[in-house]
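Numbering (this note's numbering), first residue to last: 1 to 255.
By construction, the Cβ of each residue, glycine as well, lies at the ideal position given by its N, Cα and C atoms.
What you are looking at is a predicted structure, and each value in this text was computed from that prediction instead of being measured.
Here's the structure we're looking at; comments come further down.
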């Protein structure tokens, strides 16, 4: 298959095109404001009230990271086509993790938007997630895209469901990579990314992720060729207390 014909890449390209068409002409609220000392100048703010004008990368970053917009939903709509393109290309570099970009989506409450706006966002997130699992040239590691989508939507369920459907070798390899990234925090009974949105139930999310790793993911980890040591660390998630820490395969993590 020629790379240009990759189905996940075609789907993602179409999703980005739909975002651009849907949110073209959007602007921030006319009365929107922000602190010149901490966010930016009045000239920069005026750009958010001007439709379809490309923002400099640093201004884009400050805009999606800001938590104190009067109407965050309108601001996200304004920047969404450029923001989504930058995310996919790996040009968004949060301070701590890609989940920070998910907070920006969550603050905008995009799932409560009218269907003609919410549906393109949902399709973009799913298309990007599947592309990260199945495209060898994906720019952002799948475990980072997963955390972003989980925080953007407030749930891991839809993204785990997509993962179950994508059963190819590369998707299984992405699973092994994610498990290697996550096992330390999970063995300490913590979610392996930072939750910064007060409406999220971090413990419920962790339990659901662990249940999936101990269930549908177990066979796939073995078939992916994941190291036996990693498979044992995931197995240990099914143990608690002394049973976990005294198991012969306990890795000696300190928390």
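- Taking 9 Å as the cut-off, the Cβ atoms of residue 147 and residue 102 count as close.
- Spanning the alpha carbons of residue 128 and residue 12 requires a straight line of approximately 6 Å.
- Inside the region 214 to 240, DSSP marks no whole beta strand (DSSP E) run of 3 or more residues.
- The closest CA to that of residue 6, considering only 135, 121, 46 and 52, is found on 135.
- Straight across, the Cα-Cα distance linking residue 37 with residue 196 is about 24 Å.
- Looking at 48, 185 and 120, the one whose alpha-carbon comes closest to that of residue 254 is 185.
- Residue 45 sits in a helix when the DSSP states are folded into three classes.
- For residue 205 against residue 191, the beta-carbon gap comes to about 6 Å, under 8 Å, which counts as contact.
- Spatial neighbours of residue 53 in its own chain (CB-CB distance under 6 Å, excluding positions within 5 residues in sequence) are listed in chain order as 47.
- Between the C-alpha atoms of residue 220 and residue 111 there is a straight-line separation of about 32 Å.
- Shown here, residue 54 sits in coil according to DSSP, grouped into three states, outside any helix or strand.
- Distances from the CA of residue 132 to each of 108, 153 and 166 were compared; the closest alpha carbon is that of 166.
- At least 9 Å separates the beta-carbon of residue 230 from that of residue 160.
- Contact annotation, residue 249 with residue 237: C-beta distance approximately 12 Å; criterion of less than 8 Å not satisfied.
- For residue 255, there is no enclosing alpha helix (DSSP H), since its DSSP letter is neither H nor E.
- A distance below 6 Å between beta-carbons, with the five flanking residues on each side excluded, links residue 28 to the following residues of its chain, in chain order: 48, 49, 74, 75 and 78.
- Excluding five sequence positions before and after residue 202, the CB atoms of its chain that fall closer than 7 Å to its own CB belong to 191 and 195, given in chain order.
- For residue 79, the enclosing alpha helix (DSSP H) begins and ends at 72 to 89.
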